[in-house]
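First comes the structure, then the notes that go with it.
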Amino acid sequence: MSQAKTNARKCAVQALYQWQMSGDSLNRIETYFLEEELLKGAQKNYFSELLHGVPQQLDILDAALTEFVDRPVEKIDPVERAILRIGVYELIKRPDTPYKVIINEGVNLAKFFGAEGSHKYVNGILDKISQKHRAVEIAAKAGKAGS
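Throughout, the numbering used here is defined as the position within the sequence shown, counted from one, plus 128.
In structure tokens, the structure reads:
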């Protein structure tokens, strides 16, 4: 797992939070992150993919979340919402990233940015979504563990 990708996710959480709260254009937010050099040490193309990919796939991501969250997606704390949306995006759109890495990154982002205990909530939701969307990968791992 690359630190540059982890940093890209951290920046994406902040950028998506800003987008959710301000309604600013994604391009304006991205330009700000580039101009302020907030992406130092981050994989810029991955940041850009998450920043633009999450809003583009919002209906799909929020539908996946709605199945497993205990309240309307819009009522989830905005920081947790940004983290969950990134996690669901990666679970659905990035099969090249192992589901355990995605869950772990989500938990770490929640510990870093979220309220106390929010990492448990993020972990639970991403775990349930991975059971549904990464069932084949999970079964394959379980099969290897049993052999």
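Ideal Cβ placement from N, Cα and C applies to all residues, glycine included. Given the structure is predicted, the values throughout are model-derived calculations rather than measurements.
- Contact between the segment 189-196 and the segment 214-234 is present: three or more C-beta pairs spanning the two stretches fall below 8 Å.
- Of the candidates LEU237, GLN259 and CYS139, the residue whose Cα lies closest to the Cα of GLU164 is CYS139.
- Around the Cβ of ALA243, a 10 Å sphere holds fewer than 16 other Cβ atoms; the residue is exposed.
- Under the three-state reduction of DSSP, ILE188 is assigned to helix.
- Only residues of its own chain outside the window of five on either side were considered, and among them HIS247 have a CB closer than 6 Å to the CB of LYS239, listed in chain order.
- Distance between VAL229 and GLN259, taken at the CA atoms: about 14 Å.
- In this structure, the CA atom of ILE266 is about 13 Å from the CA atom of THR225.
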